[in-house]
Structure formats: C-alpha cells, structure tokens
Amino acid sequence: MAVVNEKETGTTVKQSVKQPDGKAAARAKRPLPLWRRHLRDLMQVRAARIAVFFLIFMLLFSFIGPLFSPYGQNQLNVRFAEQAPTIDHWLGTDDYGRDVLTRLMYAGRISMTIGIASTVLSMVLGALIGVASGYFGGWIDAIIMRFADLLMSIPSLPLLIIMAALLSAFDVPPDTRIYYVMVMLSVIGWPGIARMIRGEVLSLREELYMKATEALGLSTRSRLFHHLMPNVYPLLIVQTTLSVAGGILMESTLSFLGLGVMPPNASWGNMMAVASNLMDFQKRPWLWIPPGTAVFVTVVCINVLGDRIRDVVDPRAKEA
Amino acid sequence: MLKYTLKRFGQMILMMFLLSILVFFLFALMPGDFFSGNRKLTPTRLAELRALYGLDKPPLQRYFIWLGNVLHGDFGWSLKYNEPVTDLLKTYMFNSFIVALAAMVIAWTIAVIVGVYSATHQYAFVDKLVTVIVFASLSFPSFFIGLLAIKFFAVDLKWLPVGGMIDTGSNSTGLAYVLEVGRHMILPVLILAFFSAGGLTRYFRSGMLDVLRLDFVRCARARGIKEHAVVYRHALRNALLPAITLLGFELPGLFSGAIITEQIFGWPGIGPIQLDALNAHDYEVLMTCTLLLSFLTILGNFLADVMYSVADPRVRLAQKAEA
Chain A
1 MAVVNEKETG TTVKQSVKQP DGKAAARAKR PLPLWRRHLR DLMQVRAARI AVFFLIFMLL
61 FSFIGPLFSP YGQNQLNVRF AEQAPTIDHW LGTDDYGRDV LTRLMYAGRI SMTIGIASTV
121 LSMVLGALIG VASGYFGGWI DAIIMRFADL LMSIPSLPLL IIMAALLSAF DVPPDTRIYY
181 VMVMLSVIGW PGIARMIRGE VLSLREELYM KATEALGLST RSRLFHHLMP NVYPLLIVQT
241 TLSVAGGILM ESTLSFLGLG VMPPNASWGN MMAVASNLMD FQKRPWLWIP PGTAVFVTVV
301 CINVLGDRIR DVVDPRAKEA
Chain B
1001 MLKYTLKRFG QMILMMFLLS ILVFFLFALM PGDFFSGNRK LTPTRLAELR ALYGLDKPPL
1061 QRYFIWLGNV LHGDFGWSLK YNEPVTDLLK TYMFNSFIVA LAAMVIAWTI AVIVGVYSAT
1121 HQYAFVDKLV TVIVFASLSF PSFFIGLLAI KFFAVDLKWL PVGGMIDTGS NSTGLAYVLE
1181 VGRHMILPVL ILAFFSAGGL TRYFRSGMLD VLRLDFVRCA RARGIKEHAV VYRHALRNAL
1241 LPAITLLGFE LPGLFSGAII TEQIFGWPGI GPIQLDALNA HDYEVLMTCT LLLSFLTILG
1301 NFLADVMYSV ADPRVRLAQK AEA
C-alpha cells in the first residue's frame, strides 16, 4: 500500500502550495485518495459487489460461524449418524454423527487459510526473486530463471502428488501437515509469479524515472523498494487475488485425493472424499455437495473480484 | 531462423538433462521402496531383492545407470504390474490420448465459435452469459463437477454409464465395442472440454477484440467489404495466429491424462496409473510418467516458439534484431 500513501501525500503537498491560506477549501477540493477511488470504481460493477458480499459471507461463515454452532468439529454422536438434513442438523450428519454444517465451517477456516497463506508465501518469494532477477540481470537472472523454468515444466499436480507422498513417507502428523501443504502450494506457485514480476521489472527499469533515481545517486535498496516495487504492486495485487483462488482449488483437489489435509482436520476437499464411497455418493449427497458448492462459490467470487481489480488498477489491461 | 531454431533446440536438450537430475533425485529422496512395504520378507531376502533391482547402490551411481537405460529406451520395470514400464504406458497412454484428443477438438471448436461471436457482439446478452460460464469453468473443482455429472446423468437419469471404459463383463467386438467405448467417453470428454473451453474462449474473445480495434480492420470496413468478410477473413486469421503457441502448450495435456477426471470416471488412462503407482511405491512408473510429461512440456514450448516464428514474420525480425 506504499504507493497509495505516496500519491496521497504528493497531492496534499501540491495543493497546500497552491492555496496556502485556505486549508479547508483545499481539503474540500482534494481528490479522494487513490485507494478510495479504486474501491469506488471496483464497487461500481454489480458482479463485483455480489462477489464481495459472498466472500464476506463465506469468511464470516467459516471464522465466526462455529461460535454459534451447538456442535464441535469432531463431536461424535453415533446415535444420530448418517441423518439427512433436519431442523437440528441443517446439512445432516456424517457416518460418525458429526454435524456437517459445523464441519463445513471449520473446513472453510482451513481451506481459506491455506489458500491465503500459500499465496502470501509464494508472493513474497516470487516478488523478491523476480525483482532481484529482473533488476540485477546477468548470471543471477539466468540461473534463477532456468531454475524457475525447470520447476514450471513439471506438471503441477504430479509434482504436488510426489511432494505429498514424501510427507506421507515421513509420517508428518496431521496438524503439522497443514503447514507443509501451504509450503507445497507455494513451491509450485512462486516460479510463475517471479517470472511475471521479472518481466514487469525489465520494462520498468528502462523508464525515465528509474534513470533519474540512478542519476540522483540513490542506494540500490531505496531504488528497489521505494521506486520500483510500488509500481509493481498493481500487478501483484491482481495476481495475489487470482492465486488465492488457485490455492483453494489445488488444496481441495489434493485433499480430495487424500494427499492434502488429513482427517480429523476437516477441509472442503477431504470432506468430499467420502464421495468415493458408493453408498455415501448415491444416498447421502448432503455429505459432499455442500463442500463442493462452498469451494465453487468462494473461487468464483475471488476470480470475479480479481478480474475487476485488474480492470481498475491496471488501465493498460482495460480492454472490455 | 535456422540459427535460432538450433539455439532453442540446444537449450531444450540442456533443460531435459537438468530435469532428469531433478526428477531422479526427488524420487531418490523418498524413504522406502516397493519392497519395504512387504512385511513378509525377511531382512536377508529384502537385501537380496534390493541388490537384484540395483536399489542398494548409492543414488549417484543409480542415476547414471538409469540415465544410460533411459537413453536406450528402457524406462525400467514396473514391479506392481510386472511388465516393462514402456509397455504399460503405451496401453494406458492411448486411452488417455483418445479422451484428451476428443476433448481438445470439442473445446477448440466451441472456443473459436463462441469467442468470435461474443467479441463481435460485445456486451450483448449472449456475451454476458458467456462471461458467466467462463468464470464457472475456471472456478469449478474438476472432481466436483465430475461427481455432479455422474450423480445427475448416470445415477439419477441413467442416461450414461457411471464409469469405466466398457460395461462390466462385456466382450463385444467391432462396431459394438467402439460404440460402447464411445458411450463411456461422453461424460469425461465433455467435462474436460468444458474446463479447457473456458480459458480458451476468454483468450479468443479478447484476442478478437484486440484485432477488431486495429487499423487494417477499420480500413477493410472503409473499403466497403462486407462485415462478414471483415470478421472472418481479415480479423479472425490474425486473431488465430497467437493461438499457435497455445497448440504447443496443449501437447503434454494430450498424453498426460487428466488425473482427477480419469480417476473419478474410472477411465483406464495415465492418471489412475500414477495414483496406483504412488500407493504401491512403484516409483519407476511414477518417475517415468513425471519425466515424460515434463519432457513433453519442454518440447511443447520449443515447438510453440519455433512454429510461432515461422507463422509470424514480425517475431522473426525481432529475433534477427536481437541476435
């Protein structure tokens, strides 16, 4: 958000020079700060408003929802096992008599946290490596990019499966495994981001204002983090949004295959794994349709939002 | 042109070599092998078997032995299926290939038609609908839509078979066999097509929009050429050009098999084989699959680059300026 602050202070300075006496008038005329303008533009489209509404709903549902539920995540009640939806259990119960709705909330916590955390991790890694690679060029760039190419040429699902198998082989306990799943997702996530950021840096490096920072004799650190990075942020924000969606999808796929988040921890993916059991699949759709729908709704909303953010923050990409 | 191709080719070979190292040592990291899961074996017998299959040597030595074999076309022996890995893959890869090819043809046809239509009718109702469907296709977890399709079309409506490649216990031949396989293919093919058509449609739509805004299109219109001819003869050709690159990227997908979709529909392709091999610790099979797919990806990128510079003279000139 550094870019926002800089531009904001920039406009204030300019205007206070123009109108040194009428501070109140200047404030009234002052354009909205950049992020407020972006937010306003963002919300102008109905699809984006709907997406934001549903995302907030899903977040509240997963993070606050369990507080209102009378059941626990792993509260067993065999007497009420495999019930269809009732007043007590809105989405029915599973084979251990656990409340599906409650598990859906807890699963949302894990699935969304993994999606977000793995994205943040691959963003930080990808952005740092990409900026370094594009800025310094030469052999550093060559080595980093060849390595990124190598990782990218292995299809991502098989690579994830191999890494997951490694985890299983080393007997990682279910709770720690969640963190490893985040790391795994960012291992396949960073090369794409690094490559994209590098491309952006390569073109920005030739801009006049970057030459000016050089002429001014600014330190490398200041040029990188105060002048180059703020201009990469728009692209980074868009990519972050979209890759959270990708992370959630990947996690659910892995967990569905039994290679991601392991029981007793619930995730949207592993809740759907019951569908491989023919009886549950045919006779008890309330076990696997809700988590699938949750993944779908969340991912669609993130994608719609990301697409809209791209239109707003990156005017060059504003095609239609 | 030739110089560029040769240079790219050299890079490709180097990448493949580095990749073989990476993949091999990734698998060498795995604790346990095919035999360690078998508790009936005595320690001496275990050691004997390991020595027999060369699993007791240090990883570096094993790598060079393996590399030598691979260069002679020998990818090892599948211990689970008890046949050479190459024979195993040949059978299953064909199954994956027919599904992927059918899906690809359908997806590309739909994507070009729909993409062009919604680009020429921007913001119309159909265009908006297409945008919604594209978002859905990009956001559905593949296993979820597969399960829904089976539940709806196979279990509830009983229109199509639940899964597999042929009916259980069926031994039909000739045309009956082809029709039977075809019926089993419908659902997986349509679902795979749905997934790849989403991104492709979006791609063609925005490509077409870009081209329609260019000067030569306005010029063609100014010359009084019919709108139909402007769109299909002038604009579409130029919009399709960058898609050549995409064709290159599709190459690995044709053989890799869609792991999730094939698994859900019980289609005997490369996907389920990989998961089976993983569970059985049959690493030679899994390693060969991973390596082969990565090679195809690299090869696909190479072909995409070369084809594109053949098709588009502007790229060729840029290369010359660079060199």
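Keeping their order, the protein sequence lines are chains A and B.
Per our numbering, the very first residue in the first sequence carries number 1; after that it's consecutive.
Per our numbering, the very first residue in the second sequence carries number 1001; after that it's consecutive.
For each residue, glycine too, the CB sits at the ideal point set by N, CA and C.
What residues from the region 1251 to 1278 of chain B come within 8 Å of chain A, judged by C-beta to C-beta, listed N to C? Cβ contacts with chain A come from Pro1252, Ser1256, Ile1259, Ile1260, Gln1263, Gln1274, Leu1275 and Leu1278.
Hey, does Val238 of chain A have any beta-carbon neighbour from chain B nearer than 8 Å? One-based indexing of the first sequence puts residue 238 of chain A at position 238. So, not an interface residue.
Kindly say whether Glu44 of chain A, judged by its beta-carbon, lies nearer than 8 Å to any beta-carbon of chain B. On the first sequence, position 44 is the one that residue 44 of chain A refers to. A quick correction: the sequence has Gln, not Glu, at residue 44 of chain A. For Gln44 of chain A, the answer is no, since every Cβ of chain B falls outside 8 Å of its Cβ.
Within a Cβ cutoff of 8 Å, which residues of the same chain sit near Glu214 of chain A, ignoring the five residues on either side of it in sequence? Taking the first sequence and counting its residues from 1, the one referred to as residue 214 of chain A is at position 214. Taken in chain order, the residues that qualify are Arg223.
Can you tell which of A:Asp95, A:Phe53 and A:Gly247 has the C-alpha that lies nearest to the C-alpha of Pro285 of chain A? By 1-based counting over the first sequence, the position of residue 285 of chain A is 285. Sorting A:Asp95, A:Phe53 and A:Gly247 by C-alpha distance to the C-alpha of Pro285 of chain A places A:Asp95 at the top.
Using a C-beta to C-beta distance shorter than 7 Å, which residues of chain B count as neighbours of Leu104 of chain A? In the first sequence, the residue the question calls residue 104 of chain A occupies position 104. Those within 7 Å of Leu104 of chain A in chain B number zero; the least Cβ separation is about 14 Å.
Reducing DSSP to helix, strand and coil, say where Val304 of chain A ends up. Here residue 304 of chain A refers to the residue found at position 304 when the first sequence is read from its first residue. Note: Val304 of chain A maps to helix in three-state DSSP.
Where do the N-terminal and C-terminal ends of the alpha helix (DSSP H) with Ile1225 of chain B fall, by residue? Residue mapping note: residue 1225 of chain B aligns to position 225 of the second sequence, counting from 1. It is not in any alpha helix (DSSP H) - Ile1225 of chain B carries neither H nor E in the DSSP assignment.
Tell me, please, whether the CB atom of Thr253 of chain A is closer than 8 Å to any CB atom in chain B? Taking the first residue of the first sequence as 1, we reach residue 253 of chain A at position 253. Yes, Thr253 of chain A counts as interfacial toward chain B.
Classify Glu251 of chain A as helix, strand or coil using the three-state DSSP reduction. Translated into the one-based positions of the first sequence, residue 251 of chain A becomes position 251. DSSP places Glu251 of chain A in helix when its eight states are reduced to three.
Taking all protein chains shown into account, decide if Val1114 of chain B is buried (16 or more other Cβ within 10 angstroms of its Cβ) or exposed. Within the second sequence, numbered from 1, the residue matching residue 1114 of chain B stands at position 114. Its Cβ being crowded by 16 or more others within 10 Å, Val1114 of chain B is buried.
For Leu1083 of chain B, does the three-state DSSP call read helix, strand or coil? Your numbering for residue 1083 of chain B matches position 83 in the second sequence. In the sequence on display, residue 1083 of chain B carries Glu and not Leu. DSSP places Glu1083 of chain B in strand when its eight states are reduced to three.
Near the ligand NAD: Val313 of chain A beta-carbon under 7 Å from a heavy atom: For the structure depicted, the ligand NAD is absent and the ligand set is empty, with no information on it obtainable.
Proximal residues of chain A, C-beta to C-beta of Lys1057 of chain B below 7 Å: The count along the second sequence starts at 1 and reaches residue 1057 of chain B at position 57. Ordered by position in chain A, no residue passes the 7 Å Cβ test against Lys1057 of chain B, which lies about 20 Å from the chain.
What is the residue span of the alpha helix (DSSP H) that Asp1305 of chain B lies within? For this step, residue 1305 of chain B is matched to residue 305 along the second sequence. Going by DSSP, Asp1305 of chain B is part of the alpha helix (DSSP H) stretching over Tyr1283 to Ala1311.
Taking 6 Å as the limit between beta carbons, can you name the residues of its chain near Glu8 of chain A, skipping five residues before and five after? Counting from one through the first sequence, the residue named residue 8 of chain A turns up at place 8. Residue confidence is low: Glu8 of chain A scores 42 on pLDDT, short of 50, so the model does not pin down where it sits. Its coordinate-derived value is still stated next. Here the set comprises Pro33.
For the region 226 to 250 of chain A, which residues have a beta carbon sitting closer than 8 Å to at least one beta carbon of chain B? Flagged, chain order: Ala245 and Leu249.
Under the DSSP definition of a beta bridge, which residues are partnered with Thr93 of chain A? Translated into positions along the first sequence, residue 93 of chain A becomes position 93. Per DSSP, A:Asp99.
Cutoff 8 Å: Val1365 of chain B Cβ touching any chain A Cβ: Any question about residue 1365 of chain B goes unanswered here, given that chain B covers just 1001 to 1323.
Less than 8 Å between the beta carbons of Ile237 of chain A and Ile309 of chain A, yes or no? By one-based count along the first sequence, residue 237 of chain A stands at place 237. By one-based count along the first sequence, residue 309 of chain A stands at place 309. Closer than 8 Å, so yes.
In terms of residues, what are the limits of the alpha helix (DSSP H) holding Gly1198 of chain B? The sequence position of residue 1198 of chain B within the second sequence is 198, counting from 1. Here the alpha helix (DSSP H) through Gly1198 of chain B covers Gly1174 to Leu1212.
Cβ-Cβ separation, Leu1293 of chain B to Pro155 of chain A (assumed contact under 8 Å), whole Å: Taking the first sequence and counting its residues from 1, the one referred to as residue 155 of chain A is at position 155. Taking the second sequence and counting its residues from 1, the one referred to as residue 1293 of chain B is at position 293. Going by Cβ atoms, the distance from Pro155 of chain A to Leu1293 of chain B rounds to 5 Å, so yes, they are a contact pair.
Comparing the C-beta of Leu1147 of chain B with each C-beta of chain A, is any distance below 8 Å? If you number the second sequence from 1, residue 1147 of chain B lands on position 147. By this cut-off, Leu1147 of chain B is an interface position.
Can you tell me whether Arg1314 of chain B is helix, strand or coil according to DSSP? Position 314 of the second sequence, counted from the start, is the residue given in the question as residue 1314 of chain B. In the structure shown, Arg1314 of chain B sits in a helix (DSSP, three-state: H, G or I).
Please compile the residues from chain A whose C-beta is within a distance smaller than 7 Å of the C-beta of Ala1136 of chain B. Here the question's residue 1136 of chain B lines up with position 136 in the second sequence. What Ala1136 of chain B touches in chain A: Val300.
Tyr1004 of chain B lies in the alpha helix (DSSP H); which residues open and close that run? In the second sequence, counting from the first residue as 1, residue 1004 of chain B sits at position 4. Secondary structure note for Tyr1004 of chain B: its alpha helix (DSSP H) is the uninterrupted segment Leu1002 to Ala1028.
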